[in-house]
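Protein chains in written order, with the numbering used here: chain U, 75 to 316; chain V, 445 to 689. Yeah, the Cβ is synthetic: ideal placement off N, Cα and C, and Gly gets one too. Bear in mind that the values here come from a model prediction, so they are computed numbers and not experimental data. Encoded as structure tokens, the structure appears first; notes follow it.
Take a look at the structure:
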């Protein structure tokens, strides 16, 4: 009698990509809205972006149940922080908390690939990038998820990041303006969509039968969140369908 | 935590005694559930079969149940786990009613509760082997969501479990639209259920359609769909393959 093997996996990959770019006085965080499993699409309208604090936004892809649990956990911790300290958590503080939270489950990880974006205490943009078990690094820009291998080299090329090996360490925060950075993000997703089946943004279409309003999109979207001194802004964009 | 640690690092501890305490595979299962939002609320459909592997053991299983005043739950997967979930929800609704404060749990809240329960069981490596569809209306707001056995959840205008994801959702993506009438909604669901009946081997031709609106829940009497088998290819199936029988 051979030993029983588990015939179910506690993990699943629900796909998608996330990107964040830090600027001198803004931060752009973006993710697609497709949720998939295997070759199936579960839903085309699911947000991977979560506002953790006034100046701190997280985008995560990977196993959706773990991502949601992580978001809820961090939101709860932030609430406690606010009760205890009577102020919002800063982005670097949240960055450390996220790292610790991920490592806490080092031996049954949150299958969640995160980018944290926001403004530091001086109002300058900051981006933190993570792996599933909490190793993190402050960077000028990053991408995670199924399209990250396609997106990251493109960002490296366009944002001309200084080598992380240089001493003294050079800041990789981009000198691009906010509209230029948003445009870059849109371009990056357009390219990733061409080649990554799990990342997808689709143009809405109208059929003779339907009377869609522009809100009821028959496809996937790109969700972009922009954080700056005036607050938080959200933009949506559609790309080619298929 | 200990059980999980050892199950990862030392597989030998995953044997007999420990295993009899956890779900390994489902025994009596229900197949697809489909749900759609329509003009007045939610419509849901599920057949009444309870399969024991490849045997059709039970033919009158109600896989959709009302929850509280505002919700309807449909389940596929292990029937005994569904009954366990109904038991948990009974208690949840009871405690909610005992507040006696005029407030009641809406579909969003029930869905959130179910999500947490399913995810928690997955964390303990002892899942409730179900895919759930939760629909409801409260204060004019329609809600339709789904949770899987590992805790993956989302809400949408149309959802399905199991084979429904493969066969019904493409039809729904093409033909669903905002503000479906009741008749159109039922026709759409029946179209999906018919395809499932033809193509899902665990489907049975005895189904119920449930509707939930602001007024409440109505679950139809069981009925069957008309099917067509009179294809010429079925008359002489071996005509193209000489020597076959």
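Check: Between the region 114-126 of chain U and chain V, which residues of the former have CB atoms less than 9 Å from a CB of the latter, in chain order?
Finding: 114, 115, 116, 117, 118, 119 and 120
Exercise. Pull up the distance between the alpha-carbon of residue 665 of chain V and that of residue 552 of chain V, whole angstroms please.
Key: 27 Å
Is there a Cβ of chain U sitting closer than 7 Å to that of residue 482 of chain V, yes or no?
With its beta carbon at least 7 Å from every one in chain U, residue 482 of chain V lies outside the interface.
Using the Cα positions of residue 254 of chain U and residue 196 of chain U, report the straight-line distance between them to the nearest angstrom. 22 Å
Interface residues of chain U facing residue 551 of chain V [CB-CB closer than 8 Å]: The premise fails here: residue 551 of chain V is roughly 17 Å from chain U at the closest Cβ pair, so nothing lies under 8 Å.
Using a Cβ-Cβ distance cut-off of 7 Å, determine whether residue 109 of chain U contacts chain V. yes
Tell me where the beta strand (DSSP E) around residue 602 of chain V begins and ends.
602-604
Review point. Cβ of residue 582 of chain V within 7 Å of Cβ of residue 531 of chain V?
Key: Taking the C-beta atoms as reference points, residue 531 of chain V is found no nearer than 7 Å to residue 582 of chain V.
* **Three or more C-beta pairs below 8 Å linking the region 259-268 of chain U and the region 220-233 of chain U** => Output reads yes: the region 220-233 of chain U touches the region 259-268 of chain U.
* To do: Would you grab the beta carbon distance between residue 477 of chain V and residue 493 of chain V for me? Rounded to a whole angstrom, and I think it's under 8 Å.
  => That pair is no contact at about 12 Å.
Less than 7 Å between the C-beta atoms of residue 678 of chain V and residue 644 of chain V, yes or no? no
*Of the choices V:484, V:525 and V:489, whose alpha-carbon is the least far from that of residue 472 of chain V?*
V:525
- Query: Contact between the region 143-158 of chain U and the region 90-103 of chain U: three or more CB pairs below 8 Å?
  - Reply: With the cut-off at 8 Å, the region 143-158 of chain U and the region 90-103 of chain U do not touch.
Say whether chain V places a C-beta atom closer than 7 Å to the C-beta of residue 288 of chain U. Annotation note: pLDDT 25 at residue 288 of chain U (below 50); position unreliable, coordinate value reported separately. No, its Cβ sits nowhere closer than 7 Å to a Cβ of chain V.
query: So residue 174 of chain U is in the alpha helix (DSSP H); what residue range does that whole segment cover?
result: 165-178
Quick one: residues in its chain with C-beta nearer than 7 Å to the C-beta of residue 171 of chain U, no 5 flanking neighbours on either side, listed in chain order?
148 and 151
| field | Contact list for residue 574 of chain V against chain U, beta-carbon separation under 9 Å | value | The premise fails here: residue 574 of chain V is roughly 12 Å from chain U at the closest Cβ pair, so nothing lies under 9 Å.
Residue 623 of chain V to residue 483 of chain V, Cα distance in whole Å? 4 Å
Margin query: Please tell me whether residue 609 of chain V has its Cβ less than 7 Å away from any Cβ of chain U.
Written below: The beta-carbon of residue 609 of chain V is placed less than 7 Å from the nearest beta-carbon of chain U.
Exercise. What are the start and end residues of the alpha helix (DSSP H) that includes residue 145 of chain U?
Worked result: 138-159
Task: Span separating the alpha-carbon of residue 77 of chain U from that of residue 563 of chain V - done: Computed Cα separation, rounded: 26 Å.
Q | Residues, ordered as in the chain, of the region 75-105 of chain U that lie near chain V by beta-carbon distance below 8 Å | A | 77, 78, 80, 81, 82, 83, 84, 85, 86 and 88
Quick check on residue 501 of chain V: does DSSP put it in helix, strand or coil? strand
### Task
For residue 597 of chain V, name the three-state secondary structure that DSSP assigns.
strand
Roughly how many angstroms lie between the CA atoms of residue 173 of chain U and residue 234 of chain U, to the nearest whole one?
-> Approximately 27 Å, taken between the alpha carbons.
Let me see if you follow: with CB-CB separation under 7 Å, is residue 255 of chain U close to chain V or not? no
task = Please determine, among V:616, V:656 and V:558, the residue with the shortest C-alpha to C-alpha distance to residue 639 of chain V.
result = V:616
Review point. What are the boundary residues of the alpha helix (DSSP H) that includes residue 106 of chain U?
Key: No alpha helix (DSSP H) holds residue 106 of chain U; the beta strand (DSSP E) holding it covers 100-106.
For the putative contact between residue 272 of chain U and residue 220 of chain U, defined by C-beta atoms under 8 Å, what is the C-beta separation to the nearest angstrom? 4 Å
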